[in-house]
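Working notes, beginning with the structure itself.
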Amino acid sequence: MASIVRAFALLAYGFATIATAFGDPLPDMVEIDARGMSDNTTIDPCTLADSPNVNASIQLSSWLECQLNGFYPFPDNGDWPKVHAQTFSKDVLFTFNDTRYDFEGSLRFYHNANASLARSFAPFRHGFINTMAVPNANGDRGGFVYMIGWAGGFHKLLQRDLYFTNAAFGVIKEEEGHRKIVEFREASNIPATTPSPESVEWSCGFT
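Numbered according to mature numbering (1 follows the signal peptide of the UniProt record, and there is no 0), the sequence shown spans residues -23 to -1, 1 to 184.
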């Protein structure tokens, strides 16, 4: 009987935690760290990317979160094109919604997105809701990563907080001992104030 009561207590606590997390999500979402915890213990994903204390799946997903935090363009990101160059393979196949780009095209896209977001939000924020990685079976540091997140902030024109959904799929391979994204498919329902750069036709048969 005691175990049943204990189980119901844990279940009730779980529902209470969920209700707290989703009752008023927009102001609090920026406080949720990359692992989805809201206990004020923020984990920097960059510290887990090569940590021997976590498994290969956590290492891989943390690496991608770390890289995205470094180049995902918003006004306070500093020299993000340098991180972009360190993250993507020169042969990357990149898509955003219904557009296609090569490496240089992806750089033009993020320059364009940076200007659009800076024009619309003050400040612009983003975060991860869930990230799942499947490491390669051969034991290298590559694999597949799926993620979903949120992005937005205080909208200058509408004078209120607006948040939207982002999603991405990435294929990561080792190139000369370093992880590189060789395929990246990003999607978002966030509105843009400027049109995306013209798509680039891929030279290979991959679609």
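Note that beta-carbon positions come from the ideal geometry of N, C-alpha and C, so glycine has one too.
Identity of the residue in the options nearest residue i by Cα
i      : options                       : result
His61  : Asp75, Ala110, Cys43, Arg77   : Cys43
Ile158 : Thr19, Ser34, Leu45, Val31    : Leu45
Val148 : Gly126, Ser28, Trp40, Gly104  : Trp40
Phe141 : Ile125, Gln36, Asp56, Gly47   : Ile125
Ala92  : Cys23, Val177, Glu175, Thr170 : Thr170
Cβ neighbour criterion (16 or more within 10 Å) applied to residue i
i      : result
Gln136 : exposed
Asn143 : buried
Pro168 : exposed
Leu94  : buried
Leu134 : exposed
His103 : buried
Unbroken beta strand (DSSP E) run spanning residue i, endpoints
i      : result
Lys157 : 155 to 165
Leu134 : That residue, Leu134, is in no beta strand (DSSP E); it is neither H nor E in DSSP.
Tyr78  : 76 to 78
Thr72  : 65 to 73
Ala99  : 98 to 112
Supposed close pair residue i, residue j - CB separation, criterion 8 angstroms
i     : j      : result
Phe98 : Phe131 : 6 angstroms
Glu81 : Arg118 : Their Cβ separation, rounded to whole angstroms, is 26 angstroms, which puts Glu81 and Arg118 out of contact at 8 angstroms.
Leu70 : Glu160 : 5 angstroms
Where the alpha helix (DSSP H) containing residue i begins and where it ends
i     : result
Asn46 : 33 to 48
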